[in-house]
Amino acid sequence: MTPGIKSVLAAISLTVAGNVAAAQATPAEKVARSLAAEMSASAATLEAGKRHEGTKPLDRALHLAEFAEQSAEVGTDVFRNALEALKAARHELQMGRPEQAVARLTDGARALEQTPGGLRLGGVDPDRLDEIEGLPVLNLHGHELGEIVGFTQGENGAIARVEHGDFIFFGGNETPLEADRLLSGGGFVVLPEDILPEAFES
């Protein structure tokens, strides 16, 4: 076997191992990784001098961190530290100090990447569904998927009615979503899955 083929096979093995690890991660670990990725993306974009574009992943990460800090059952400090780093980064931007914002985001992302396992987030309480009605639903990366407008009863439990579209307040389209797939906290509901708004709405 040539060295080139060995290198290709090694790269494939690492990719497969990474995909398996990601698939086996808990929802809390997935959120932590996503937070780190959004913070890193914001830092890289800001460092390139693109302030407007850099605030987008920053805002998504802020929403995720606000959710996770309130939802965490194990690892609250991890998400609280991330939230504080994000708030500090936004403050630095508002004060016209993008370099300091990049430093805050980079340090925050690094801390999340070094977080040990065992994090746990709280799911939706089936007896308190009324408390999350009207809340926005985010995906794993902080993109808004829609808003919970009510619930119906399915064969295996409650089904959330998630309304989305350009005219949500005037009766947009709805997508049903099993309530036991959702997490909640900090004024947000999160579907801890890697699904984009376009795919969710289709």
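Residue numbering for the sequence shown is -22 to -1, 1 to 180, as defined by mature numbering (1 follows the signal peptide of the UniProt record, and there is no 0). Even for Gly, the Cβ is constructed at its ideal location relative to N, Cα and C.
Check	Outcome
DSSP on Ala(-1), reduced to helix/strand/coil?	Because the pLDDT of Ala(-1) is 49, which lies under 50, any placement of that residue in the model is unreliable, and the question is left without a value.
Leaving aside the five residues before and after Asp158 along the sequence, list all residues of the same chain whose C-beta is less than 6 angstroms from its C-beta, in chain order.	Gly135
Classify Glu44: buried if its beta carbon has 16 or more other beta carbons within 10 angstroms, exposed otherwise.	buried
Less than 6 angstroms between C-beta atoms, sequence neighbours within five positions excluded: which residues of the same chain meet that for Asp172?	Leu118
Taking Pro154 as part of the beta strand (DSSP E), name the residues at either end of that continuous run.	151 to 156
If we require 3 or more residues per run, which beta strand (DSSP E) segments fall completely within the segment 90 to 130?	114 to 116
Enumerate in chain order the residues of its own chain whose CB-to-CB distance from Arg98 is below 6 angstroms, with the five nearest sequence positions on each side excluded.	Ala6, Glu51, Val52
Count the other C-beta atoms from every protein chain shown that fall within 10 angstroms of the C-beta of His41, then say buried if there are 16 or more, exposed otherwise.	buried
What residues in its chain sit with their C-beta under 7 angstroms from that of Thr84, if we drop five residues either side in the sequence?	Ala21
Glu77: buried (16+ other C-beta within 10 angstroms of its C-beta) or exposed?	exposed
Along the chain, which unbroken stretches of the alpha helix (DSSP H) at least 4 residues long are found entirely within the segment 1 to 32?	5 to 25
Among Gly86, Val140, Asn59, Gln72, which one has its Cα closest to the Cα of Pro114?	Val140
Among Met73, Ala46, Ala39, which one has its Cα closest to the Cα of Leu161?	Ala46
Under 7 angstroms, do Thr23 and Glu16 count as touching if we go by C-beta distance?	no
Determine which residues share a DSSP beta bridge with Arg38 and list them.	Looking at the DSSP assignment, Arg38 forms no beta bridge with any residue, so it has no partner.
At what residues does the beta strand (DSSP E) containing Leu161 begin and finish?	161 to 163
Taking all protein chains shown into account, do 16 or more other C-beta atoms lie within 10 angstroms of the C-beta of Lys28, making it buried, or fewer, making it exposed?	exposed
What does Ile173 pair with, by DSSP beta-bridge criteria?	DSSP lists no partner for Ile173.
Exposed or buried, what is Gly120 when buried is set at 16 or more other beta-carbons lying within 10 Å of its beta-carbon?	buried
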